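Trainee: If you scroll down you'll find the structure; I have some questions about it.
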Amino acid sequence: MNVRRTAAGLAALALLAGACGGETDEPEEATDEGTGGDEGQAACGPDSPDLFQEGQLTVATGEPVFPPWMMDDDPANGEGFESAVVYALADEMGFTADQVAWARTGFDEAIGPGEKDYDFNIQQYSITGERDEVVDFSAPYYEVEKSLVALTDSPAASASSLADLQDVSFGAVVGTTDLAYIEEVIGVDDVAVYDDQAGLFQALQGGQIDATVFGLPGALFVTAVQVEGSTIAGILPGEPMDDGLGMLFEEGSPLVACVDAALESLRADGTLDALADEWLAGGGDIPRISE
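Here the sequence shown stands for residues 922 to 1212, where the numbers follow our numbering.
As structure tokens, this is what we get:
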């Protein structure tokens, strides 16, 4: 039963969205509806009237999901960085593991405006001002460096600057900041666009494209396991369109403040860093590509 719509519609008028679209200040409501104390637990835990489903935290993610973010295409097993973060977050908010329910969505469809049939969505959504116009985001739970993934026998594999990439055949997933980076930062106009990562990887494996842009933790797995004959050519220069990865909410969701307060607790006690160390490998000796 959906118990949220009437109460949430009124409450949303009085609450500001959590940190999103580049804003770093947390709303004052986060301290009032945080996870501390009985009042906070009632506002943010299983008894919250703002939940999509009574008594449970409904979390959406991709179809399929990939390591190292989630393992074995099973978000409910608690393995992989984002799955582990969700269960740590749920515990901080007062939910037990069996009170977390999972749903699946496409990446691009969740960014659209309108009501969501879940409490939040987590699948490496970069926080951007454009997206913030139609959805809300939590504070960042991870900041990702972008990398260049290329076939080892392509010119992109030896690129040392963005200027070396102008004639490279690129592909990316629709609606991602990876696509925006290729077009706006690298400056390539003719980019092959795919509906999902599976289609992108197939195109790269088949030589239909030479390279793509990918977050570094995922790129390490892609090149080691998913796309034979590929390599991480380098870590790309930072770009201003991306303020880190955030959980995606329906516009005006009162739960943003609850999640932000829980994330701040997990950040302060070292949990987020520990999970990142456990699941996300660092860049090591990967070269950096210059502007």
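Idealized CB from N, CA, C, for every residue including glycine. Please read these numbers as outputs of a predicted model, since none were measured by experiment.
By the DSSP assignment, the beta strand (DSSP E) with residue 1101 in it spans what residues?
Mentor: Looking at the DSSP string, residue 1101 is not in any beta strand (DSSP E); the run it does join, the alpha helix (DSSP H), is 1098–1102.
Trainee: Would residue 998 be called buried (16 or more neighbouring beta carbons within 10 Å of its own) or exposed?
Mentor: Exposed.
Trainee: Which residues does DSSP pair with residue 1042 in a beta bridge?
Mentor: Bridge partners of residue 1042: 981 and 1169.
Trainee: Considering residue 1021, what are the terminal residues of the beta strand (DSSP E) in which it resides?
Mentor: Counting along the chain, the beta strand (DSSP E) containing residue 1021 begins and ends at 1021–1025.
Trainee: Nearest by alpha-carbon distance to residue 1039: which of 1189, 1190 and 1168 is it?
Mentor: Taking only the C-alpha atoms, the option nearest residue 1039 is 1168.
Trainee: Going by CA-CA distance only, name the one from 1187, 1209 and 1172 that's closest to residue 1051.
Mentor: If we check each option's Cα against that of residue 1051, 1172 comes out closest.
Trainee: In angstroms, rounded to a whole number, what distance separates the CA positions of residue 1065 and residue 1208?
Mentor: The alpha-carbon atoms of residue 1065 and residue 1208 are separated by roughly 16 Å.
Trainee: What do you reckon, are the CB atoms on residue 1025 and residue 984 nearer than 7 Å?
Mentor: Result yes, Cβ atoms of residue 1025 and residue 984 sit closer than 7 Å.
Trainee: Which of helix, strand or coil does DSSP assign to residue 1123?
Mentor: Helix.
Trainee: So, using beta-carbon positions, are residue 1184 and residue 1009 closer together than 7 Å?
Mentor: Cβ distance not < 7 Å, so residue 1184 and residue 1009 don't count as in contact.
Trainee: Might you give, ordered along the chain, the residues of its own chain that have their beta carbon closer than 7 Å to the beta carbon of residue 945, omitting 5 neighbours on each side?
Mentor: Legend: pLDDT at residue 945 = 37, less than 50; position of this residue unreliable, value from coordinates given subsequently. Result list for residue 945: empty, nothing under 7 Å.
Trainee: Looking only at its chain, what residues have a beta carbon closer than 7 Å to the beta carbon of residue 966, apart from the 5 residues adjacent to it on each side?
Mentor: For residue 966, where only same-chain residues beyond five positions count, the Cβ hits under 7 Å are 1014, 1015 and 1016.
Trainee: Given this structure, state the Cα-to-Cα distance separating residue 1088 from residue 1079, to the nearest angstrom.
Mentor: Rounded to the nearest angstrom, the two C-alpha atoms are 13 Å apart.
Trainee: By alpha-carbon positions, which one of 1147, 1180, 988 and 1132 ends up nearest to residue 1068?
Mentor: It is 1132.
Trainee: Ends of the alpha helix (DSSP H) at residue 1186?
Mentor: Segment 1176–1189, the alpha helix (DSSP H) holding residue 1186.
Trainee: On the three-state DSSP scale, how would you describe residue 1207?
Mentor: Correct three-state label for residue 1207: coil.
Trainee: Tell me the rounded alpha-carbon separation between residue 1098 and residue 1159.
Mentor: Near 12 Å, if we compare the C-alpha coordinates of residue 1159 and residue 1098.
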